[in-house]
Structure formats: structure tokens, C-alpha cells
Amino acid sequence: MDILSSPYAPTGALLTLNGSGRDNGADPLEQGQPALAALGGGGFVAAWTSQGGDDSGTAVMARLFAADGTPSGADFRVNNYTASDQSQPAVTALPGGGFAVVWTSHQQDGQGDGIYMQRYGADGAPAGGEVQVSSDAPHDQNAPDIVVSPDGGVFVAWSSLGQDGSGWGVYGRRIEADGTQGPEVRLNQATEGDQRDVDLAAIGNRFVAAWTGDETRMAPDYLLEDSVTFRVMQPGGAKGSAEIGTGAFAFPQRGVADLAVAVSATGLHLAWVQESLRGNGYSDYSSFAQSFTLEGTALSPVIGVADGRAIALVGTESGVLTAASYVSDYRGGSSGEIRFDLHGAAGAAQGGTIALSPGRDAPTTGPGLPETPAAMQLSDGSVILAWAQSLQGSGSVDLPSPGPGDIIATRLIPNALPEGSFILSGEAEPGAKLTAVPDLVDPDGLGAFSYQWFRGGDAIAEATGTTYSLTEADRGEAITARITYTDGHGVQDVVESDPFASFGYELLGTPNRDTLTGSEGRDSIQGLAGDDLIRGFGGSDSISGGLGADTLDGGAGDDVLIGGPGEGDLRDVIYGGAGNDRIDGGYGNDQLHGGT
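For the sequence shown, counting from 1, position 87 maps to 86 in numbering that gives the first Met the number 0; every step adds exactly one.
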């Protein structure tokens, strides 16, 4: 059987994290770039960029919450310096229940953008004043991230323009728990072109840093494109490993639009968004992920994950949860949603992709578009997923909360997946009745079952009972059934049965060389004479090559494959494929391959 549910399920409630951000209680103001961190007491802190947080440009705001999303007080402004813009916050928890926020501040250091930090105690009160972290004032430094060590020290990293002599570079420094700042260090070894948009994740006293960088590809053209690179660093920023690439390359003309890194008990995990141009001028966004050991050995190939323009990643005990803000552009408007899915370290999907928060369906109506997701796991195992609900294109000013301009969040709770078996019982004959036979156990409880039968992956109209009678339309098809129920926690689970191979076709070759291909059903195929190529495809097939040097491939199912007579150089090659097959080479010098 196949479990189509996710090990994490949304509670259904949408939370508005920002308490302010409305002008006179009506006109929405833009809130964006959310950042989250789980705190030692079980709650969490959220930080974001606010259009109306101070009297000059944007500001960095924050708020404390209990584990269930209940606010533990009002919004508060993080930045003390209010001239121009403060944006791009990142936040980490500190030992003892406090936290630290870093952000980009424009012209505070007298030259372009710089990186600043503020620590807070467990009560949310500032612990000292804001401090400048970056030191290369003549150039821009932006897009910071921060991780904490068990001793309370933090490491802050950022992108710095021109400091390494060629475009953007990745720099950072450690700040001790008492505020003492270590030396500024360069994280990237390669300096040609740009290295930027760094993301950090803690590994005990160490941390992993990942960033995008330029790569020149030799074919088909000399194109400068983005790659994803990471390395494991020592606490003070000393390089603990060589730079390791994921093999991520963007399509020509664009690059890596977003990047995230996370650490779990199984290793470290990276996800990124690659952007390419369509012919009509719009962009396509495809999301990918790959897992590695802490030593840099790949645990999985590059896999596709929930597509979106921006991506967030969190390592959990169940696997790696990837969240993405998905926006579909079409002529005359856009629609959007937040998508998330879960994969194991080896890349296997655990459940399907779940979509949240449908976005607007026209340029001037609806709740805006979701952007810039953030995700983190609380101590109780649940995951908080947040995003900015953009004002883009919204023409309304009288909107319910949550609405455009707000920071929205939902809580994903762990979902114990059902176990057992789910088969379809019956004969593969026209008119035969199939019976769904589920034998399931769900630790969260089983609710009432509803059924839907499928033919070749498509739902069969009005086939919603525990039985289904085969018709001629089912010839050569794989039949499945799905059970949907609500467990004791109110989570909807979906389970799909093992496929049942319906009755198939009788195929007969000629005395010549034939190519015969079966179906998903239970086929009977005879090659007769000639050097035939016969593929059973799906179903439990009966295949006979007959005379000649034949190649037989049973495909999926419990097949019977008989090579037939052959002498001397007339040799059959037989592949059983998946399933419990019976293979008989017959006469001749045959090659037999059992398969899996």
C-alpha cells in the first residue's frame, strides 16, 4: 500500500503574527521577510521587516509567542537606529531562553548597508545595545544569518560586496556570549564572480554554511550560472572542510533564486530554487534538495521538492520538511499558495505535497500572494510555518485578518501514519467483483472510511463503495482504491491500495522478428518464431518467446517467462523484472536475470 498522508499535518488555523502594521486600522502596510526561532521554554520568537515600524523607511519588528501561537505580548521594534531602512532579519535562540536578532541597516555605518545585532533575555528585554557586526564600511554588507553554539556564542555571516576583490563574497565573525567579537573571516575559498546569499545551520559547536556561487559551464555556451556550495565550519569560522558543490546549476539567463540549509540526526540537507525564463517573459521556478553526511558524502541524489519562488527547510525526526511559496503567473493575474512536503535523508518522499493558503486569483482581488516562507520545529515536535502575505496587486483596504501585508503562520502537528496492509481481492476477469480489504492500524485512531476507486490513476465515476466490478474499460489497466478517514486528532489520512492488475490482452507474434508490448493488466504474449522483443510491462503476465533468439522482459508483477527452444547460437535473454517470477530458458545458451 502507499501512504499519501504527510507525517505533518496543518491544524487548519491561520495565525497573524504581527499585531500592528495597519494604518488607522484599515489601510494595510507591508510586512515581509519573516524569521523564526524556537525558544527554550517551548515557545518561539518571530521577527520580520515592517513598512510602518518606525518613521523612516522599513524597520525590524519582533514578537514572542507560546507554542500554540498565542502572543506573549505586543510587537516591539528591534532596531534602535531608525534612519532609512532596516530589513532582512535573522534570529536564533540563546541558552537560558533568550534570543538574538541580526539585520541589515542602510547607511548606519556611513557607507551603504551594514550588519547589526541585538541580544534579548528570556523576558524579551534587550540585553545591552545594538552592535555593529560587519566592519568593511566602504562596501555593502547584507542578507545576514546567525547560529548559536552551546556556550552561548553566536556566529553571524553575510554577503559583502567587493571585499574579496571580485563581486560578492561571504564573510562572518563569531561573537562570544559576553559580547567579545572575534576577527572577521571569509567563508568562501573561490573568489571569482559572486558568492552570496549565505544560510547557516548549527552542528553542536560547529556549523554548516551554504551559499550560491558563479560557475562557468563549457556547453552549449560559455554561460555564467549559479551553483550551490557548502562547507562545515569550526566555531570561530575556521574552515573545517573543503567547499562541496551540490551539482545544482540554474538554467541559462537566470540563477538560484533562494537557498536553505538544515541539520537533522541523519545529516545536513540543502534545498534551493532554480529560476529559468519562459518564452513569454515569465519565469519558471523549480525546487530541488540534496542530503549529505557531515563529512560531505552525498546521502541522496538531487531530488525535486515542493516548487516555489522562495524556500524554507527544517530537519525533523521524521525527515526533512521543505516549504515553498508557490506563485503561478498567467495572463491577467496570478495565484499562489504555500506548499510543503517531507523527504527522508535518502530522498524518498514521505507522503504527498500539501498546499496551504490559496492566494489571489486576479490582479486586484483576494488575499494577496504568499512570499518568503520560514519554518522551525518546536520542542514538542510540531513545526511552525510562516510566510508574508504580500500586498502585491491588492486593491482592497477593508480586509479581514489575516490579509495582505500580514505575517501569517500555521502550526503543523506530527501525524502518526497508518500501518498494515490494503489489498484488492478478486479475479482478473470481465465482470468480476473486486473487494477492498484494508487491515490498518493508526496510533492516532481510525475514523470512518470513505472509498474511491481508480483506473490507471484516474478516479472512476461513482465507484465509491467497498467493491467494484471490472468492465471492458478496465482491460489492460491497473486498478487501485483509496481510503480517506479522519483520525482521532482531526487529521485527514489517505491510504492507497496495492495495485490490482486487471485482465489484459492476448498478443500473438508472427514467424518474423516482432516487438510485442503488454499492458498494466495480466497479458498472455506468444512470440512464435523470429528473434522477438517482448515486454510484459505491468501485471502478472504469461510470456513465451517461441523459436528464435528472443529478449523477454516481464516488467512488474509475478510473471511466467519461457524462452522456448533454441540450439547453438540461438540464445534467449530473459529479464524477470520486479515480482516473484518463474523463468524457464528452454533450450539453448540462455541468459536469465531474476530482477528484484
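Don't be surprised by glycine CBs; every beta carbon is placed ideally from N, CA and C. Fair warning: this is a prediction, and the values are worked out from it, not measured in the lab.
DSSP, read as helix, strand or coil, puts D497 in coil.
From the listed residues Q162, A121 and V304, the smallest Cα separation to P137 is found for Q162. The alpha carbon of G456 has as its nearest neighbour, out of Y504, D177, V272 and S496, the alpha carbon of S496. The Cβ neighbour count for E370, taken over all protein chains shown within 10 Å, is at least 16; the residue is labelled buried. A contact between stretches requires three or more CB pairs, one per stretch, nearer than 8 Å, and the region 256 to 268 fails this requirement with the region 177 to 184. When the alpha-carbon of R570 is set against those of D589, G585 and D492, the nearest one is in D589. The beta-carbon distance between S226 and G244, rounded to whole angstroms, is 6 Å. This is short enough to meet the 8 Å contact definition. Using a Cβ distance threshold of 7 Å, V382 and L411 count as a contacting pair. If you draw a 10 Å sphere on the C-beta of P417, you find 16 or more other C-beta atoms in it, and that means buried. For A142, the enclosing beta strand (DSSP E) has its first and last residue at Q140 to V147.
Under a 10 Å Cβ-count criterion, P33 is classified as buried, with 16 or more other Cβ atoms of the shown protein chains found around its own Cβ.
Burial is judged here by how many other beta carbons sit within 10 angstroms of a residue's own beta carbon; Q140 has at least 16 and is buried.
Non-local beta-carbon contacts of G72 in its own chain, meaning distances under 8 Å to residues more than five positions away in sequence, involve R62, L63 and G123 in chain order. For Y450, the beta-bridge partners assigned by DSSP are I482. When DSSP states are grouped into helix, strand and coil, A311 belongs to the strand group.
P300 counts as exposed, since fewer than 16 other C-beta atoms from the protein chains shown sit within 10 angstroms of its C-beta. Sixteen is the threshold: since fewer than 16 other Cβ atoms of the shown chains lie within 10 Å of the Cβ of E471, the residue is exposed. Comparing alpha-carbon positions, the option among G489, S501 and D443 lying closest to E428 turns out to be S501. By the Cβ criterion, the region 457 to 471 is not in contact with the region 517 to 527, since fewer than three pairs of Cβ atoms, one from each stretch, lie closer than 8 Å. Closest in C-alpha terms to Q87, from the list G113, H592, T514 and F98, comes G113. Taken through DSSP and simplified to helix, strand or coil, A124 comes out as coil. Of all alpha-carbon atoms in T434, A322, G563 and I302, the one lying nearest the alpha-carbon of R308 is that of A322. Residue environment for G503: buried (at least 16 other C-beta atoms within 10 angstroms of its C-beta). About 7 Å separates the CB atoms of P9 and I353; that is less than 8 Å, so the two are in contact.
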